[in-house]
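Take a look at the structure set out below.
Protein chains: 2
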Amino acid sequence: MAEFAEMSKEELEQAKEAADNEYEELKSRNLSLDMSRGKPAPSQVDHANGMLKEMTEYHTKAGMDVRNYGVLDGIPEMKELFSELLDINADNLIVGGNASLNLMFDAMMRLFVFGAMGEKPWGQLEKVKFLCPSPGYDRHFTICETLGVEMIPVPMTKEGPDMDVVEELSGSDESIKGIWCVPKYSNPQGICYSDKTVDRLASMKTAANDFRIFWDNAYGVHPVFEDVKVKNILDACEEAGTKNRAYYFFSTSKITFPGAGVSLIASSHENIKEIKKIMGAQTIGYDKVNQLRHVQFFKNAEGLRAHMQVLAGCMKPKFETVLKYLEKELTGTGLAVWEEPKGGYFVSVDVYPGCAKEVVRLAKEAGVVLTGAGATYPYKKDPKDSNLRIAPTYPTVEELEQAMELFCVCVKKAGIQKLLEQTDL
Amino acid sequence: MAEFAEMSKEELEQAKEAADNEYEELKSRNLSLDMSRGKPAPSQVDHANGMLKEMTEYHTKAGMDVRNYGVLDGIPEMKELFSELLDINADNLIVGGNASLNLMFDAMMRLFVFGAMGEKPWGQLEKVKFLCPSPGYDRHFTICETLGVEMIPVPMTKEGPDMDVVEELSGSDESIKGIWCVPKYSNPQGICYSDKTVDRLASMKTAANDFRIFWDNAYGVHPVFEDVKVKNILDACEEAGTKNRAYYFFSTSKITFPGAGVSLIASSHENIKEIKKIMGAQTIGYDKVNQLRHVQFFKNAEGLRAHMQVLAGCMKPKFETVLKYLEKELTGTGLAVWEEPKGGYFVSVDVYPGCAKEVVRLAKEAGVVLTGAGATYPYKKDPKDSNLRIAPTYPTVEELEQAMELFCVCVKKAGIQKLLEQTDL
Numbered sequence: 001m002a003e004f005a006e007m008s009k010e011e012l013e014q015a016k017e018a019a020d021n022e023y024e025e026l027k028s029r030n031l032s033l034d035m036s037r038g039k040p041a042p043s044q045v046d047h048a049n050g051m052l053k054e055m056t057e058y059h060t061k062a063g064m065d066v067r068n069y070g071v072l073d074g075i076p077e078m079k080e081l082f083s084e085l086l087d088i089n090a091d092n093l094i095v096g097g098n099a100s101l102n103l104m105f106d107a108m109m110r111l112f113v114f115g116a117m118g119e120k121p122w123g124q125l126e127k128v129k130f131l132c133p134s135p136g137y138d139r140h141f142t143i144c145e146t147l148g149v150e151m152i153p154v155p156m157t158k159e160g161p162d163m164d165v166v167e168e169l170s171g172s173d174e175s176i177k178g179i180w181c182v183p184k185y186s187n188p189q190g191i192c193y194s195d196k197t198v199d200r201l202a203s204m205k206t207a208a209n210d211f212r213i214f215w216d217n218a219y220g221v222h223p224v225f226e227d228v229k230v231k232n233i234l235d236a237c238e239e240a241g242t243k244n245r246a247y248y249f250f251s252t253s254k255i256t257f258p259g260a261g262v263s264l265i266a267s268s269h270e271n272i273k274e275i276k277k278i279m280g281a282q283t284i285g286y287d288k289v290n291q292l293r294h295v296q297f298f299k300n301a302e303g304l305r306a307h308m309q310v311l312a313g314c315m316k317p318k319f320e321t322v323l324k325y326l327e328k329e330l331t332g333t334g335l336a337v338w339e340e341p342k343g344g345y346f347v348s349v350d351v352y353p354g355c356a357k358e359v360v361r362l363a364k365e366a367g368v369v370l371t372g373a374g375a376t377y378p379y380k381k382d383p384k385d386s387n388l389r390i391a392p393t394y395p396t397v398e399e400l401e402q403a404m405e406l407f408c409v410c411v412k413k414a415g416i417q418k419l420l421e422q423t424d425l
Numbered sequence: 001m002a003e004f005a006e007m008s009k010e011e012l013e014q015a016k017e018a019a020d021n022e023y024e025e026l027k028s029r030n031l032s033l034d035m036s037r038g039k040p041a042p043s044q045v046d047h048a049n050g051m052l053k054e055m056t057e058y059h060t061k062a063g064m065d066v067r068n069y070g071v072l073d074g075i076p077e078m079k080e081l082f083s084e085l086l087d088i089n090a091d092n093l094i095v096g097g098n099a100s101l102n103l104m105f106d107a108m109m110r111l112f113v114f115g116a117m118g119e120k121p122w123g124q125l126e127k128v129k130f131l132c133p134s135p136g137y138d139r140h141f142t143i144c145e146t147l148g149v150e151m152i153p154v155p156m157t158k159e160g161p162d163m164d165v166v167e168e169l170s171g172s173d174e175s176i177k178g179i180w181c182v183p184k185y186s187n188p189q190g191i192c193y194s195d196k197t198v199d200r201l202a203s204m205k206t207a208a209n210d211f212r213i214f215w216d217n218a219y220g221v222h223p224v225f226e227d228v229k230v231k232n233i234l235d236a237c238e239e240a241g242t243k244n245r246a247y248y249f250f251s252t253s254k255i256t257f258p259g260a261g262v263s264l265i266a267s268s269h270e271n272i273k274e275i276k277k278i279m280g281a282q283t284i285g286y287d288k289v290n291q292l293r294h295v296q297f298f299k300n301a302e303g304l305r306a307h308m309q310v311l312a313g314c315m316k317p318k319f320e321t322v323l324k325y326l327e328k329e330l331t332g333t334g335l336a337v338w339e340e341p342k343g344g345y346f347v348s349v350d351v352y353p354g355c356a357k358e359v360v361r362l363a364k365e366a367g368v369v370l371t372g373a374g375a376t377y378p379y380k381k382d383p384k385d386s387n388l389r390i391a392p393t394y395p396t397v398e399e400l401e402q403a404m405e406l407f408c409v410c411v412k413k414a415g416i417q418k419l420l421e422q423t424d425l
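First to last, the protein sequences are chains A and B. full-length UniProt numbering applies: residue 1 is where the first sequence begins, and numbers increase by one. full-length UniProt numbering applies: residue 1 is where the second sequence begins, and numbers increase by one.
In structure tokens:
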């Protein structure tokens with residue numbers, strides 16, 4: 001296909017007419033599809049229905065009745081399972097409630113109220129800033145925005161956040177207190193951090209003593225095409241002598257049931273001790289019945305990995321559909337570039353600058369809801385109005401075919417329109 | 001029985017010998033019992049085992065799949081059930097996670113970081129104080145202590161906290177920001193607040209604009225002998241024109257499974273709006289699978305009340321055993337006074353001043369663990385070293401018989417010892 005930017009005005013006008021016609025035809029199909037959130041399809045969630053079976057044993061191996069009070073940091077078998085799965089020492093992790101987002105928010109609140117390791121609580125500082133590799137996860141940014149944390153976008157590279165920028169900023173400004181990271185199959189680009197990136201994050205000099213890496217390994221065991229190995233940040237920090245730098249988060253939200261899974265925070269011994277002291281005032285303990293259900297369902301880490309292979313099988317045709325349409329309809333047009341993720345939940349597409357909002361509007365008008373343009377940037381402000389996040393997991397393949405056909409037409413229609421406007425200038 | 005304080009030294013020494021002998025005999029039985037926490041017995045928890053049955057319907061009435069993301073404030077049927085049970089408008093409540101303690105801690109953290117209704121965040125104030133009706137619940141006090149909130153003990157009366165003291169203090173000191181209340185079958189005394197107390201709490205003038213009542217209705221539907229009606233603080237505040245004053249907490253911890261129940265926070269529309277804004281950054285939503293399990297198990301508020309009658313049946317013989325021993329062994333001795341609760345989880349006993357710690361030590365030495373002396377007071381400091389909390393729910397009646405026999409002997413032994421010391425002075 002020809003680069004649209006190379007076309008004459010007449011050619012563009014012809015192309016516009018073709019795209020307009022296609023769009024109107026698709027609109028007349030009265031679609032009603034939602035690709036806005038990283039939400040598994042019901043058919044995918046069905047694979048965890050074993051979790052809903054009758055529970056006949058409600059004691060742990062050690063004889064604890066999970067139906068009653070006790071245990072702040074999780075039942076031993078759940079800790080073991082996570083430990084094996086993520087290669088984290090069981091003593092370095094706390095099993096949390098139904099969502100890791102909650103653990104992240106609570107970690108931030110603790111830093112605001114209590115501070116870390118004797119440093120001043122962040123709530124008493126004039127200014128707190130966070131590095132936000134972008135595009136990134138909107139709910140991370142919402143936590144910062146809610147707390148008044150100034151967000152500094154950092155560009156992404158194929159190996160993770162641009163570490164030259166990260167090092168420069170965190171090394172020179174002590175009000176920069178941390179960074180958000182989704183190290184594996186990042187949201188939305190599906191990028192996996194290289195070992196070098198992980199090591200640089202662990203070993204870089206930071207102006208703030210209490211700089212914290214919020215390591216959201218949300219897709220840590222979620223391959224679709226290939227299981228990429230990402231270096232464990234806790235190991236990297238241990239090696240670099242910065243062992244209190246990272247908080248590691250994980251959950252089974254996209255493994256068993258979103259909103260009814262089990263979450264985890266892991267860190268150094270000192271950090272875990274500090275967290276437990278405060279967490280012990282917050283709760284007697286998280287839901288152990290649900291923890292034991294998870295253990296009974298998976299048996300062990302191997303069982304969980306096997307389950308993820310089944311889920312990968314559900315997702316693969318969906319990712320293939322998205323990529324097939326992008327390639328077929330947009331390759332060489334100069335109107336879009338995209339990542340080809342090896343796992344995770346999203347496909348990130350950069351449309352022609354200034355067109356993302358218009359693409360979302362057009363798609364919505366024709367019955368397909370996309371994640372809002374800008375959502376992947378701090379303050380919902382994509383400086384180029386270009387990045388879009390496609391969440392292909394919820395619709396069926398048949399629905400996705402229609403949605404992607406429409407998506408590509410919208411990208412063309414908006415892009416051509418923009419090029420025509422620019423021609424007129 | 002004779003008042004020990006009236007006895008001669010010789011009589012006391014005789015009584016001491018008798019108590020010592022009894023104690024040694026009981027000690028030789030090698031008991032191993034725990035009455036330290038308000039923990040239901042396994043046989044009591046068994047009554048909720050229907051919650052562990054296979055879940056075959058995982059959609060709400062409105063068709064929402066509870067296995068997937070969505071809904072911040074709870075599924076409609078859980079809100080309805082709570083609404084009917086507690087006579088709170090469904091719009092004024094949020095269904096939380098597995099524990100109301102967590103909701104209380106989070107509410108306090110929000111006040112520290114964000115403040116309430118435009119007032120200065122408490123974390124930015126020189127001093128924050130809370131009124132703590134005492135004896136009270138140790139975990140409330142732990143939240144305050146963890147946050148550096150200065151606790152001011154307020155005496156309890158038969159109608160709740162001494163309202164003359166509460167009004168005087170909260171009306172004159174603007175650093176007093178709130179009060180902890182367990183209004184029904186209070187922990188540990190089992191006192192039920194009178195309507196007048198509730199109305200005075202709602203209508204009193206407070207020096208702080210953002211004074212907050214933490215209304216922990218933990219035993220709201222937990223009668224043992226009689227279901228006492230306590231006035232709803234939200235209604236009282238509405239009537240008094242102080243609708244943003246109270247946060248109302250509740251949970252099913254002592255209804256279904258402790259640590260795997262469903263919790264609730266309720267308040268005015270304005271407060272709920274303020275809470276949701278921040279909570280929406282903290283979580284996508286709490287565990288809806290567990291909410292639907294609760295609804296399926298109880299059907300409705302009536303079903304839950306019927307369940308609580310069954311549990312009352314479990315608890316009644318235990319409370320009777322405790323009271324029987326106290327009456328038989330300690331009436332008229334002048335060595336102990338106690339409450340006769342109509343419901344809840346505890347029996348509160350005031351032993352001879354200066355003896356509570358010694359009673360706990362003696363009981364422990366003979367194999368019975370009691371709640372630590374002082375635990376029912378802020379900073380674990382009972383000024384009279386007198387109050388003890390008996391938690392009779394976990395042991396069987398047979399075990400309780402032995403534990404109470406020992407308890408009464410310990411009270412006598414410690415009391416007589418103290419009287420002898422005082423005689424010597």
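The beta-carbon is built from N, C-alpha and C at its ideal position, and this holds for glycine as well.
When C-beta atoms of the segment 203 to 215 of chain A are compared with those of the segment 169 to 181 of chain A, three or more pairs fall below 8 Å, so the two segments count as touching.
Per DSSP, the continuous alpha helix (DSSP H) segment holding residue 289(B) begins and ends at 288 to 298. Counting along the chain, residue 313(A) sits inside the alpha helix (DSSP H) bounded by residues 301 to 330. Here residue 107(A) carries a helix assignment [DSSP, helix/strand/coil]. Counting only residues of its own chain and dropping the five nearest sequence neighbours on each side, residue 266(A) has a CB closer than 6 Å to the CB of 88, 92, 93 and 248.
Membership of residue 167(A) in the alpha helix (DSSP H) is indicated by the continuous run 163 to 172. Contact with chain A is found for residue 281(B), since one of that chain's Cβ atoms lies less than 8 Å from the residue's Cβ. Burial of residue 252(A) is indicated by the presence of at least 16 other C-beta atoms within 10 angstroms of its C-beta.
Spatial neighbours of residue 335(A) in its own chain (CB-CB distance under 7 Å, excluding positions within 5 residues in sequence) are listed in chain order as 4, 351, 352, 411, 412 and 415. Residue state for residue 150(B) is assigned as strand, using DSSP reduced to three classes. A Cβ-Cβ distance of about 13 Å is found for the pair residue 58(A) and residue 258(B), leaving them out of contact under the 8 Å criterion.
The C-beta distance from residue 172(B) to residue 128(B) rounds to 16 Å, too long to fall under 8 Å, and the pair is not in contact. Around residue 270(A), the same chain offers 117, 243 and 244 as residues with beta carbons nearer than 8 Å, after the five sequence neighbours per side are excluded. Between residue 188(B) and residue 223(B), the CB-CB gap reaches or exceeds 8 Å. In the DSSP annotation of this structure, residue 175(B) is not part of any alpha helix (DSSP H), being labelled neither H nor E. For residue 273(A), no chain B residue has a Cβ inside 8 Å of its Cβ, as the nearest lies near 14 Å away. Under the 8 Å Cβ criterion, the segment 293 to 308 of chain B counts as touching the segment 74 to 82 of chain B, having at least three qualifying pairs.
In the three-state DSSP reduction, residue 59(B) falls in the strand class (E or B). Nearest to residue 228(B) by C-alpha distance, out of 238(B), 246(B), 200(B) and 195(B), is 195(B). Rounded to the nearest whole angstrom, the CA to CA distance from residue 41(B) to residue 147(B) is 33 Å.
For the options 393(B), 419(B) and 418(B), the alpha carbon positioned closest to that of residue 33(B) is the one of 393(B). Taking 8 Å as the threshold, the shortest C-beta distance from residue 304(A) to chain B does not fall below it. Excluding its 5 nearest sequence neighbours in each direction, residue 149(B) has C-beta neighbours in its own chain below 7 Å: 128, 129 and 130, listed in chain order.
The DSSP-derived three-state label of residue 235(A) is helix. About 14 Å separates the beta carbons of residue 197(A) and residue 239(A), which is beyond the 8 Å limit, so they are not a contact pair. The three-state reading of DSSP puts residue 416(A) in helix, counting H, G and I together. Burial check for residue 313(B): the Cβ neighbour count within 10 Å stays below 16, so the residue is exposed. Only 54, 55, 56, 58, 65, 66, 67, 68, 69, 70 and 71 from the segment 54 to 77 of chain A bring a Cβ to less than 9 Å from some Cβ of chain B. Cα atoms of residue 283(B) and residue 64(A): separation of roughly 29 Å, rounded to the nearest angstrom.
At a cut-off of 8 Å, the C-beta of residue 52(B) has a neighbouring C-beta in chain A. At a cut-off of 8 Å between beta carbons, residue 264(B) makes no contact with chain A. Residue environment for residue 39(A): buried (at least 16 other C-beta atoms within 10 angstroms of its C-beta). For residue 359(B) against residue 323(B), the beta-carbon gap comes to about 18 Å, at or over 8 Å, which does not count as contact. Distance from the CA atom of residue 44(A) to the CA atom of residue 311(A), rounded to whole angstroms, is 6 Å. Residue 266(B): member of the beta strand (DSSP E) spanning 263 to 266, first to last residue. Nearest to residue 105(A) by alpha-carbon distance, out of 345(B), 13(B), 113(B) and 191(B), is 113(B).
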